[in-house]
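Mapping of the sequence shown onto the UniProt record's numbering: position 11 corresponds to residue 11, and the numbering continues sequentially without gaps.
Here a beta-carbon is modelled for each residue, glycine too, at the ideal position from N, C-alpha and C.
The structure displayed is predicted, hence computed values, not measured ones.
For reference, the structure discussed in these notes is given below.
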Amino acid sequence: MATGIRTEVLEDTWRRMGYWARAQFLIALSFALLFGGWLLFLGVPSPFALGVLGGVLEVVPFVGGIATALLAFLVALSAKGPLVALLVLLGYGGIALLEGKVLIPYIYGRTVGFHPALVLLAIFAFGKLFGFLGIFLAVPMTILGAGILKHWRR
1 MATGIRTEVL EDTWRRMGYW ARAQFLIALS FALLFGGWLL FLGVPSPFAL GVLGGVLEVV
61 PFVGGIATAL LAFLVALSAK GPLVALLVLL GYGGIALLEG KVLIPYIYGR TVGFHPALVL
121 LAIFAFGKLF GFLGIFLAVP MTILGAGILK HWRR
């Protein structure tokens, strides 16, 4: 690969990685607002603090979600009882499903410029190949691969 093309690949990849970082922020923000709103609706103490914590922990696949759900469950159980605690878990599951199947592919697709189906395929494929780390790195590695392929053909 010639030096000029290498520079173009790096610039294009760096620009798209910035878009990916913005997408991560939007996903965390949307989760924080949805989950915090759900907790507020249920009357759980400190709903937006728990929502923001959940949004921050969203960057860590699976572990962040489990920690968020468990903490919110325990707070709801101690403050509101078992029924509300169960509703917290059900709401978390619904929000996580909405996020995983709709919001993440849509936001990544709009910000990074990939079709949502490609984002889902990348997450599944990299997750299958590389496990936990693959899920986290799926979109950045797809960005890098797309940048190389785009400039390779020239």
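Unbroken alpha helix (DSSP H) run spanning residue i, endpoints
i: residue 101; result: It is not in any alpha helix (DSSP H) - residue 101 carries neither H nor E in the DSSP assignment.
i: residue 61; result: Looking at the DSSP string, residue 61 is not in any alpha helix (DSSP H), and its letter there is neither H nor E.
i: residue 116; result: 116–152
i: residue 44; result: Segment: none, residue 44 is in no alpha helix (DSSP H) and carries neither H nor E.
Beta-carbon gap between residue i and residue j smaller than 7 Å
i: residue 139; j: residue 108; result: yes
i: residue 104; j: residue 34; result: no
i: residue 85; j: residue 76; result: yes
i: residue 12; j: residue 145; result: no
i: residue 58; j: residue 31; result: yes
i: residue 20; j: residue 119; result: no
i: residue 8; j: residue 151; result: yes
Contact set for residue i: own chain, Cβ-Cβ below 7 Å, skip 5 residues either direction
i: residue 56; result: 28
i: residue 123; result: 135, 138
Secondary structure of residue i, DSSP reduced to three states
i: residue 81; result: coil
i: residue 109; result: helix
Residues near residue i by beta carbon distance below 6 Å, same chain, minus five either side
i: residue 92; result: 69
i: residue 88; result: 72, 73, 76
i: residue 16; result: 112, 143
i: residue 126; result: 134, 138
i: residue 130; result: none
Close-in-space but distant-in-sequence residues of the same chain around residue i (CB under 8 Å, 5 per side omitted)
i: residue 26; result: 107, 111
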